[in-house]
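Asks: I am attaching a structure below and will ask some questions about it afterwards.
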Amino acid sequence: MQIYVNGEEKQIPDQTDMANLVELLSLTGQRIAVEVNEELVPRSAFDGHTLNEQDRIEIIHAVGGG
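The letter at position 5 of the sequence shown is residue 21 when you use our numbering, and the numbering goes up by one with no holes.
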């Protein structure tokens with residue numbers, strides 16, 4: 017299935033959820049914020065949020081500072 021991650025086209029297996037995508041992108045354990053089609057997806061919902069063909073995902077790395 018085709019999706020877009022930060023504007024870049026990606027091919028992923030059908031029925032991939034957000035948790036699987038994070039793993040596929042080697043982002044497990046990192047502090048990230050994720051939007052799918054301009055809607056925030058909380059980390060607690062990653063396991064149940066199944067991606068669909070043509071979804072547009074934006075992943076932002078959280079940076080600490082002071």
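No residue lacks a Cβ here, since even glycine has one placed at the ideal position from N, Cα and C.
From Thr32 to Ala78, what distance separates their C-alpha atoms?
Replies: C-alpha separation (whole angstroms): 23 Å.
Asks: Since Ala35 is in the beta strand (DSSP E), which residue starts that stretch and which ends it?
Replies: Ala35 -> not in any beta strand (DSSP E); alpha helix (DSSP H) instead, spanning Met34 to Leu40.
Asks: Assuming contact is defined by CB atoms lying nearer than 8 Å, are Ile73 and Val50 in contact in what I supplied?
Replies: yes
Asks: Residues in the same chain with beta-carbon distance under 6 Å from His65, minus the five sequence neighbours each way, listed in chain order, please.
Replies: Contacts found: Asp33, Met34 and Val57.
Asks: Less than 8 Å between the beta carbons of Leu67 and Leu43, yes or no?
Replies: no
Asks: Take the Cβ of Ile19 as the centre, count every other Cβ of all protein chains shown within 10 Å, and call the residue buried at 16 or more, exposed below.
Replies: That one is buried.
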